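Just so you know, the protein sequences line up as chains A and B, in that order. The numbering of the first sequence is our numbering, which starts it at 1 and goes up by one. The numbering of the second sequence is our numbering, which starts it at 447 and goes up by one. All residues carry an ideal CB built from backbone N, CA and C; glycine is no exception. Since we're looking at a predicted model, the values are computed, not measured.
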Amino acid sequence: MFEDLSSKIEKAVQSLKGQSRITDVNIAETIREIRRALLDADVNLAVARQFTKDIQERVLGADVLKSVQPGQLFTKIVYDELVHVLGEEKVDLNVSPKPPTIILIAGLQGSGKTTFAGKLARYLKKENNRNPILAAADVYRPAAINQLKTLAEEISVPVYSIDQKDPVRVAKEAVAMAKALALDTVIIDTAGRMHVDEAMMDEVAQIKQAIDPDEILFVVDAMTGQDAVNTAKAFNDAIDFDGVVLTKLDGDTRGGAALSIRTVVEKPIKFMSTGEKLDALSPFYPDRLAKRILGMGDVVSFVERAQQEFDEEQAEKLQRKIRSDKFDLTDFLEQLQKIKKMGNVADLVGMIPGAQKALQGQEISDDAFKPVEAIIQSMTPEERADPNLLNGSRRKRIAKGSGTSVKQVNDLMKQFSQMKKMMKTMSKLGGMGRASQALKSLPFGR
Amino acid sequence: MSWLEKLGLKKKEKLEQGVEKSREGLLNKLGRAFAGKTEVDAATLDELEDILISSDVGVKTTVEIIDRIEARVARDKFVTQQELQGMLREEIVALLREHESGRPAAFDAAFDHKPHVILVVGVNGVGKTTSIGKLAHMYKQAGKRVILGAADTFRAAAVDQLTIWSERADVEIIQQGQNADPAAVAYDTVSAAVARGADVALIDTAGRLHNKKSLMEELAKIKRVMGKVVEGAPHEILLVLDASTGQNAMQQARAFREVVDVTGLVLSKLDGTARGGIVIGVSNELDVPVKYIGVGEGIGDIQLFDRESFVNALFGEGGTIQ
Numbered sequence: 001m002f003e004d005l006s007s008k009i010e011k012a013v014q015s016l017k018g019q020s021r022i023t024d025v026n027i028a029e030t031i032r033e034i035r036r037a038l039l040d041a042d043v044n045l046a047v048a049r050q051f052t053k054d055i056q057e058r059v060l061g062a063d064v065l066k067s068v069q070p071g072q073l074f075t076k077i078v079y080d081e082l083v084h085v086l087g088e089e090k091v092d093l094n095v096s097p098k099p100p101t102i103i104l105i106a107g108l109q110g111s112g113k114t115t116f117a118g119k120l121a122r123y124l125k126k127e128n129n130r131n132p133i134l135a136a137a138d139v140y141r142p143a144a145i146n147q148l149k150t151l152a153e154e155i156s157v158p159v160y161s162i163d164q165k166d167p168v169r170v171a172k173e174a175v176a177m178a179k180a181l182a183l184d185t186v187i188i189d190t191a192g193r194m195h196v197d198e199a200m201m202d203e204v205a206q207i208k209q210a211i212d213p214d215e216i217l218f219v220v221d222a223m224t225g226q227d228a229v230n231t232a233k234a235f236n237d238a239i240d241f242d243g244v245v246l247t248k249l250d251g252d253t254r255g256g257a258a259l260s261i262r263t264v265v266e267k268p269i270k271f272m273s274t275g276e277k278l279d280a281l282s283p284f285y286p287d288r289l290a291k292r293i294l295g296m297g298d299v300v301s302f303v304e305r306a307q308q309e310f311d312e313e314q315a316e317k318l319q320r321k322i323r324s325d326k327f328d329l330t331d332f333l334e335q336l337q338k339i340k341k342m343g344n345v346a347d348l349v350g351m352i353p354g355a356q357k358a359l360q361g362q363e364i365s366d367d368a369f370k371p372v373e374a375i376i377q378s379m380t381p382e383e384r385a386d387p388n389l390l391n392g393s394r395r396k397r398i399a400k401g402s403g404t405s406v407k408q409v410n411d412l413m414k415q416f417s418q419m420k421k422m423m424k425t426m427s428k429l430g431g432m433g434r435a436s437q438a439l440k441s442l443p444f445g446r
Numbered sequence: 447m448s449w450l451e452k453l454g455l456k457k458k459e460k461l462e463q464g465v466e467k468s469r470e471g472l473l474n475k476l477g478r479a480f481a482g483k484t485e486v487d488a489a490t491l492d493e494l495e496d497i498l499i500s501s502d503v504g505v506k507t508t509v510e511i512i513d514r515i516e517a518r519v520a521r522d523k524f525v526t527q528q529e530l531q532g533m534l535r536e537e538i539v540a541l542l543r544e545h546e547s548g549r550p551a552a553f554d555a556a557f558d559h560k561p562h563v564i565l566v567v568g569v570n571g572v573g574k575t576t577s578i579g580k581l582a583h584m585y586k587q588a589g590k591r592v593i594l595g596a597a598d599t600f601r602a603a604a605v606d607q608l609t610i611w612s613e614r615a616d617v618e619i620i621q622q623g624q625n626a627d628p629a630a631v632a633y634d635t636v637s638a639a640v641a642r643g644a645d646v647a648l649i650d651t652a653g654r655l656h657n658k659k660s661l662m663e664e665l666a667k668i669k670r671v672m673g674k675v676v677e678g679a680p681h682e683i684l685l686v687l688d689a690s691t692g693q694n695a696m697q698q699a700r701a702f703r704e705v706v707d708v709t710g711l712v713l714s715k716l717d718g719t720a721r722g723g724i725v726i727g728v729s730n731e732l733d734v735p736v737k738y739i740g741v742g743e744g745i746g747d748i749q750l751f752d753r754e755s756f757v758n759a760l761f762g763e764g765g766t767i768q
């Protein structure tokens with residue numbers, strides 16, 4: 001894994017200790033580090049240069065060195081500037097006052113347009129109570145229409161398609177169909193196209209002209225490199241899109257392309273897509289991406305995933321149990337299973353800042369929980385409620401039953417009692433259910 | 447004119463077209479960097495660094511290349527721009543790995559094994575299925591009996607997509623529909639390849655982000671079961687990288703190599719403006735050759751990768767660039 005930028009800045013700023021003020025000369029190395037980190041995160045060279053120039057001007061003005069922790073302040077300046085450039089506020093989709101609202105989706109091949117179209121339809125239906133229809137205007141890629149139909153079936157959304165290779169007609173007729181069926185939203189999936197392919201770029205411009213969409217979304221793979229600037233410019237010139245969608249953010253890419261696109265075309269990023277399942281779509285949060293670009297983890301996403309699995313009421317109940325020292329192995333097993341439901345454990349760990357480093361390359365797999373589960377499942381209900389019952393012979397039986405060793409059983413019991421102590425202390429400090437509280441104490445929590 | 451010659455001609459045109467844009471960019475920039483100068487100075491090297499970074503070569507590999515050139519320039523004292531260009535070419539070509547004899551890239555070459563089993567892997571949307579369609583066509587044209595395996599059973603309609611390619615290329619396909627066990631499809635494909643006397647079996651897999659552990663383990667399993675049918679299979683594991691991908695391609699390559707021991711790279715979508723510079727670092731670090739480049743959406747739009755032409759195409763044919 002990369003060393004995150006904040007620790008690089010920390011180190012670079014160390015060398016400034018003892019200097020009375022920041023000058024162009026003594027800051028050069030730090031600025032260089034920042035520029036390299038941005039380039040490693042796939043920020044376009046020209047954009048990275050402009051960005052670091054702005055940072056340099058800002059730190060020259062600020063009394064960075066006089067602060068208690070100059071490294072942190074410096075990092076915060078970089079972070080704030082990133083959030084600023086990425087767009088402070090989230091920008092919603094344009095909605096037509098007169099239905100249907102027409103949304104056109106365009107982008108390069110393989111950027112994830114069709115999957116996004118399905119996700120957007122689901123999102124608008126579930127979150128915004130809208131009734132969308134999907135239009136299959138990707139008439140070129142083999143089976144693209146089937147792909148859209150399969151996705152649409154999963155979320156019970158109608159798809160409009162025709163047999164002819166005429167995307168303009170598909171788009172037009174889908175809009176007419178929406179009107180006839182009184183559906184309030186049309187989402188048009190188009191074929192992937194290279195921005196240098198003039199005929200194809202003309203085609204998407206024609207689709208735009210024919211249906212006059214309310215919202216045009218440019219879908220871009222978050223892993224894109226230096227070329228992101230060229231493609232975004234070309235698509236913007238051809239169809240003057242309204243917003244950007246970043247896909248495949250569930251990978252470990254830094255996503256610097258977003259910063260490049262934002263700088264070059266000055267269009268808001270509206271959605272981010274974070275998984276293969278149809279519900280893996282969220283509005284764009286600039287602060288999260290800024291942290292990613294800086295390699296600071298994505299705590300907010302982690303907490304959100306957690307909140308999906310743990311509801312308030314359950315959390316309250318759990319807290320009461322912990323406070324009154326009644327948290328037992330049955331509860332523990334339940335919590336383990338919930339954590340597993342949150343997704344791949346390794347992915348989750350990746351979202352916690354510093355966790356990767358702390359583990360020092362140690363593998364964390366979903367299998368790590370397996371022996372623990374087996375051990376608890378081999379206990380009687382009484383044993384689970386009161387671990388003090390576990391004498392030597394019971395432990396031997398449990399080890400046998402779970403296919404583990406007595407040592408593993410002993411280790412687990414030791415860990416469990418330590419954990420209980422820790423949980424009690426934490427619950428005294430103030431609710432572990434309220435994750436937002438914990439977030440605020442983090443350096444850059446929202 | 448034989449079809450091979452036609453192919454050769456087409457190949458050249460396509461490569462020219464494919465990298466034209468990138469070459470123009472580099473040429474202009476290099477031209478500007480060297481304009482009015484007769485020897486290499488620090489500013490020229492800085493400019494060179496920018497050019498490499500802009501081609502997605504990456505900071506680490508770029509610094510390596512520049513350092514080596516710097517050392518050579520320091521040793522030779524006086525270096526002209528032509529010499530610099532020559533050095534640059536040499537250094538980049540040296541970083542790109544050579545093909546191994548056991549795994550020929552040429553479509554008409556003889557294989558050591560029958561069937562020669564090729565597993566195709568990569569993250570989502572890089573063009574795995576399309577590349578397989580093109581490869582199938584090329585092998586078929588070269589007189590080989592080809593069989594495809596639709597082991598991408600996850601993405602909606604991926605099986606349909608590969609089936610259409612199999613019809614276009616006029617080759618056989620083994621499929622069990624969507625949501626089937628991909629390892630079972632892979633197993634059946636290799637078995638069928640043996641039973642039907644196929645020369646080449648190409649197995650498609652679902653796109654998977656390299657940081658998803660369970661999906662990567664699934665891939666390892668797919669690979670394992672193939673070895674149970676034919677010893678040593680798969681004989682080739684091709685990792686498809688999208689030319690427009692940035693530095694993340696390195697992590698992709700590392701992760702895939704760790705799980706399935708990648709033996710070759712396919713650089714797709716070189717028909718845009720992206721330069722695909724990341725393959726230089728990937729090929730060097732992973733010690734695997736780039737085998738094919740994808741240069742369009744047509745069935746014939748795939749070419750054997752040639753190091754010299756790749757570098758020449760990037761920096762322009764011929765000696766001088768002013």
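The secondary-structure analysis by DSSP pairs residue 190/A across a beta bridge with 137/A. Distance from the CA atom of residue 238/A to the CA atom of residue 82/A, rounded to whole angstroms, is 28 angstroms. Against chain B, the beta carbon of residue 36/A has neighbours under 8 angstroms at 505, listed in chain order. Among the residues facing chain A, residue 712/B is not included, as its CB has no counterpart in that chain under 8 angstroms away. For residue 270/A, the enclosing beta strand (DSSP E) begins and ends at 269-273. When DSSP states are grouped into helix, strand and coil, residue 237/A belongs to the helix group. Contact between residue 171/A and residue 210/A holds: CB atoms are separated by about 6 angstroms, below the 8 angstroms threshold. Residue 544/B and residue 656/B have their alpha carbons spaced roughly 25 angstroms apart. Looking at the DSSP output, residue 157/A bridges to nothing. Distance from residue 119/A to residue 278/A at the Cβ level is roughly 5 angstroms; contact confirmed, criterion being Cβ atoms closer than 8 angstroms. For the options 745/B, 740/B, 723/B, the alpha carbon positioned closest to that of residue 507/B is the one of 723/B. Non-local C-beta neighbours of residue 13/A in its own chain, meaning closer than 7 angstroms and more than five positions away in sequence, comprise 30, 70, 71, 74, ordered along the chain. Within the DSSP bridge table, the entry for residue 101/A names 185/A as partners. Annotation for residue 59/A: no beta strand (DSSP E) segment contains it, though the alpha helix (DSSP H) segment containing it runs 45-61. Excluding the 5 residues flanking it on each side, residue 696/B has same chain C-beta neighbours closer than 8 angstroms at 504, 724, 727, 728, 731, in chain order.
By the C-beta density criterion, residue 370/A is exposed, having fewer than 16 other C-beta atoms within 10 angstroms. Inter-segment contact for the region 220-231 of chain A and the region 181-192 of chain A is absent: fewer than three beta-carbon pairs are separated by less than 8 angstroms. Residue contact with chain B for residue 151/A: present (Cβ-Cβ distance below 8 angstroms to some residue of chain B). As computed with DSSP, residue 282/A is found in a beta bridge with 272/A. Residue-level contact by beta carbon holds for residue 602/B and chain A, with a gap shorter than 8 angstroms.
Residue 572/B belongs to the set of residues whose beta carbon lies under 8 angstroms from a beta carbon in chain A. Under the three-state reduction of DSSP, residue 749/B is assigned to strand. Residue state for residue 716/B is assigned as coil, using DSSP reduced to three classes. Taking C-beta separations shorter than 6 angstroms and ignoring five residues to either side along the sequence, the partners of residue 201/A in its chain run 238, following chain order.
DSSP places residue 197/A in no alpha helix (DSSP H); its state is neither H nor E. For residue 228/A, same chain residues with a beta-carbon under 6 angstroms away, outside a window of 5 residues either side, are 257, 260, 261 in chain order. For residue 196/A, a Cβ of chain B is located within less than 8 angstroms of the residue's own Cβ.
Annotation for residue 152/A: 118, 121, 134, 158, 159 place their beta carbon closer than 8 angstroms to its own, counting only its chain and skipping 5 residues before and after.
Taken in chain order, the members of the region 130-149 of chain A whose beta-carbon sits within less than 9 angstroms of a beta-carbon on chain B are 140, 141, 142, 143, 144, 145, 146, 147, 148, 149. Close to residue 253/A, with beta-carbon spacing below 7 angstroms, are these residues of chain B in chain order: 694. Close to chain B, meaning a Cβ-Cβ distance shorter than 7 angstroms, are the following residues of the region 195-224 of chain A: 195, 196, 221, 223, 224. The C-alpha of residue 191/A lies about 53 angstroms from the C-alpha of residue 16/A.
Under the three-state reduction of DSSP output, residue 390/A falls in the coil class, being neither helix nor strand.
Nearest to residue 10/A by alpha-carbon distance, out of 247/A, 317/A, 374/A, 294/A, is 294/A. Counted as a single uninterrupted DSSP element, the alpha helix (DSSP H) harbouring residue 583/B occupies residues 574-587.
Using a Cβ-Cβ cut-off of 8 angstroms, residue 718/B counts as an interface residue toward chain A, since at least one Cβ of chain A sits closer than that to its own.
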